[in-house]
Structures are given as C-alpha cells and as structure tokens.
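Presented below is the structure to which this report refers.
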C-alpha cells in the first residue's frame, strides 16, 4: 500500500500527486490518497473515473481517503520528467537529418557571398529527399526566419512537408524580432539540445 | 526576463492568489442557470445580447454604426504588475475584436488593496493596461477603483462595428471550417508555473501569447466575410465551441490532434497538472458533447483548459480558409490552424475527436 498525502494542498497539486503516486506504484498495488479540499476531491474522482480506474472513497470527518488499485497497463510509468519536450518528428523512412542554422550567412570570408550562398542553400534544401526532420535556428541564424527573409517561403515549404522549425527564443529576444517571425515555433535550449541529440546527421551550412 | 521576476516594488502578485487556478470564474453551468430567468430587454436596436452567449453586447446607433460594449477583469495571472496589466487589457479588448469590431475607448476597472500591496504595483498594472490600450488604438478615458483583496484588473471597452458586419456566435454556417489563431494551454502553463513544473521560456512563451492582440485576426475576419467567431477564454475551447454551435444551430466537430498547443502543455496535462476550471468546464460541456472513443484523455482536458486572453475561433467558408490561414501566418499568428468544421446539426452540438 502506498499513501499519497495531499492534505493542505490546493488544486491542481492533489491531482499531480495522485498521478505521480500511480506512476510510482507497482502494478496491482493499492494507492491511498488523502484529500481535504472538496474541489480537488471532486477533480481527482472525475480523473479516476474518466481514466476507467476503480476506486473507493472513505470519509473521515473533513478528510476523504480514496483507495485505487494501480492497473496493469495504466498509467505509463515512463513519464516522470517534467516538461519533456516533444521529440523531433521522424517519418516512417527513418529520416533523422537535422539542419542547424547558426548564422545568416553560409561560411566565412566574404559576407556578401555568404548571404548569397545561404539563399542558395535553402533553395536546394527544399529539394532534399527525404526532407529533414527539423531545422533549428539559433544565434544570427534566427534572422533567416524573419518576415523579410529571402528564404521564408522555403522555410514554409519545409514546414508544410512536415519538417519541424525551431527558433531559439533567447536569440529572438536578443535581436528584438519576436513580432517578425511568421513561421516556426519558439524553443528553449532544452528542446533544441534534444532535437540535436536525437538527430542521425546534423547539417550545418 | 520580465515574466519571471517581480515588479519594481519587489512584490509578487501571484502571492495574492493562493487558491490556485481553480476559483476565478463562476462555473459556466451555474452561471447559465442564474441568468436563465433574467428578462432580456426588448429593443430592436439591440443586435446582440446574452441570448447567444456572445462575447460582447452590440447596440445599433444608426445604419452605419453599432456600438460593441464589453467588460472583463480577473485576479493576477503573473507575478509582475506591468505584465499583468498588459495581459488583462489584451483580454478585455479581445471581446471587441471577437465581434469583428474596432475598439475605441475604455475605462479601467481596478480592485486593489491599498494597505497590503505597495502602491507602485497599482501604477505598474495601470501602466501595462494603458500601454496595451495605446497599441490597440484605444484611449482610456476614466475608470473606477475599490479597495479589495486580492487585486483584480480589467477594462470596460467600447468599440464600433458596421451593423451589417457583426460577427457572433450565431453566424456559423454548415460547411464552414474553423480556424484557431493562438495555441492552447495558458491555464495549464500558468498552473504548471505555480507548481514549479515549467522552465522560464515556457511561461514566457505563454505570456507573449496572452499579450498578443487579436486585432489582426479581427481585420482578417472582415476581409474574408467571416460571420461566426468567438474568442477562447474562461470556458475553454470546448466551452466556447459549444456555445457557438448552439448559437448557430450547427454541430461543431473539432479534431484535437490538429489543435496547436503551447510548448509543454501536453506533458503537463499528462502529469496531472489540470486546473480545476477544466473540470468545471467539462461539467458544462458534457451534456451537449460527444467525445469519440479514441479521444486522448489529455487532449480532452486541454480542450477544457480555461484560457486567459486566448485566440479567435473563426468560422470561414471552406474555399477561403487556405488564404485566410496564410494571411494569419504572415501576421504574427504563425501557429493558427484549421481545427475543425461545422456540420449539419446532429444529436450532439459538439464532437471532440
């Protein structure tokens, strides 16, 4: 028997602790949940009912004790991390190429040439088969996704093909261009790092 | 990062709302019961009243102009006074946009405990409200404050709309596609922040969504002759979609897998971080809603998550939806998506799949 004590906690903490307790319990083990606030009691009961889990409720004065048995399959026990960012999408063919755009120019030496090359890179990238799983933009690379970027249409085309577009939020704030990014999703370092970690190949123009 | 630190007076506004996200709004089912016996005023100049559960009232002045009138206020959703002011004003003004109108003037509505919180915080909240109003082209021309704890802030807003171009909950037509302009999940993220389950950028992302005006969405609705829309706020996507379906006499079908979500929302819901308001919204919708058997439980609860300053849910003729979506994507609503369709009225007013 495992006990989850939510006394004194307000919504949604009792539900979170209930979920956590069920994840940690062994299959078939009983979990006892102590709840002393009526709103949370009603929410937790509703949650268990909707997830088709059998439970009993015992009243002890203002305290309610819910007893529920952890099922064989539910809930998944592998999701204890907080805020696990979604993994980069990987199509059936196993395409796990990720492109890291770290600058608004390709290569170093001549800036004008570098800009031209970057445009050309994107024009060619949309032709790549299979399309990359994700394109990650950071540092000055985020400027390539701005509303006046010559490659914005290519980025959109990639996005329509199912390529995830990640933009570094810190970089966006640094350049003050938050309102000028019509495509892609704002991402933090944790998410960017996970996308890069899960890649089979990383292309860095 | 302004979203995670306290204001200049060093005061954390979230410390004033100890009950969590559960209690800011009267449960929708209870509200509907309370209002049902209230006599509706009979005046042909009233174009929209609460009969269709709309976002604002609309009153016709002459053949060219109708007034859009609305108010909304709530307790702090973030720690910083200035940010709270920005969000509350965005949310209040949004009701005018949801009716297809142009906001013009507003009054401040403030409840503030003069002896318990530094008065600098009061000024910060107002400054946020005024800055956002200015961005929307709205002049704040007065207001009212009473001494109360915890603080609450919002605006009463007046806008105008052409009487023939009012956009309401009742204007959805069979066959229309439904576009949602902002990602969903602000209630869950705010609760997650309270529970210390989010990282700063996730809260920051939600805050930037909450303080984004629905101005451009309103303009585009007029351009594409949208007649049915609402903004997604306290009753959640499901609650507002249900009101829209009932107001229009259609069935609304929403595919939750195509609904844009704020980063981390799914994972938070999966860990049980589901605010009480979502359960109360579910109490309200389940009478008129069919949940398909393969609907994911977390997505079902996310559909009921109370939104603060959420996006517009607009019903557009299918041949125009692609073009409208493209323009939304180009105007700062990069995550706008088609999330469902209005079909001939069936047994359930709302289908969530």
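Residue numbers (the numbering used here), protein chains in the order written: chain A, 47 to 251; chain B, 83 to 435. Glycine residues also receive a C-beta, built at the ideal position from the N, C-alpha and C atoms.
Neighbours of residue 227 of chain A across chain B, judged by C-beta separation under 9 Å: 414 and 416.
Residue state for residue 335 of chain B is assigned as strand, using DSSP reduced to three classes.
With fewer than 16 other Cβ atoms from the protein chains shown falling within 10 Å of its own Cβ, residue 84 of chain A counts as exposed.
Here residue 156 of chain B is near residue 236 of chain B, since their CB atoms are less than 8 Å apart. Listed as beta-bridge partners of residue 185 of chain B by DSSP are B:241.
Cβ-Cβ separation between residue 270 of chain B and residue 341 of chain B: approximately 13 Å, too far for a contact (criterion under 8 Å). The bridge partners DSSP lists for residue 235 of chain B are B:156 and B:192. Spanning the alpha carbons of residue 408 of chain B and residue 228 of chain A requires a straight line of approximately 10 Å. One Cα belongs to residue 398 of chain B, the other to residue 221 of chain B, and the distance between them is close to 31 Å. For residue 199 of chain A, the closest Cβ of chain B is not nearer than 8 Å. At a cut-off of 8 Å between beta-carbon atoms, residue 85 of chain A makes contact with chain B. The DSSP assignment places 76-81, 101-106 and 109-115 as complete runs of the beta strand (DSSP E) inside the stretch 58-126 of chain A, in order along the chain (cut-off: 3 residues).
Within the stretch 351-413 of chain B, the beta strand (DSSP E) runs of at least 3 residues that lie entirely inside it are, in chain order, 371-373 and 394-398. Segment contact: the stretch 241-251 of chain A against the stretch 173-192 of chain B, fewer than three CB-CB distances shorter than 8 Å; contact not assigned.
Using a CB distance below 8 Å, the part of the stretch 47-67 of chain A facing chain B consists of 56, 57, 58, 59, 61, 62, 63, 64, 65 and 66, ordered along the chain.
In the displayed model, residue 93 of chain B falls within coil according to three-state DSSP, outside both helix and strand.
Here DSSP, grouped into helix, strand and coil, assigns residue 301 of chain B to helix.
Less than 8 Å divides the Cβ of residue 113 of chain A from the Cβ of residue 78 of chain A.
Apart from the 5 residues on each side of it in sequence, residue 351 of chain B sits with its Cβ closer than 7 Å to the Cβ of 270, 380, 383 and 384 in its chain, given in chain order.
Residues of the same chain with a CB within less than 6 Å of the CB of residue 244 of chain B, apart from the 5 flanking positions on each side, do not exist. Contact of residue 117 of chain A with chain B is not assigned, every C-beta pair being separated by 8 Å or more. For residue 433 of chain B, the enclosing beta strand (DSSP E) covers residues 432-434.
Judged by DSSP in its simplified three-state form, residue 288 of chain B adopts helix. Residue 361 of chain B has a beta carbon lying within less than 8 Å of a beta carbon in chain A.
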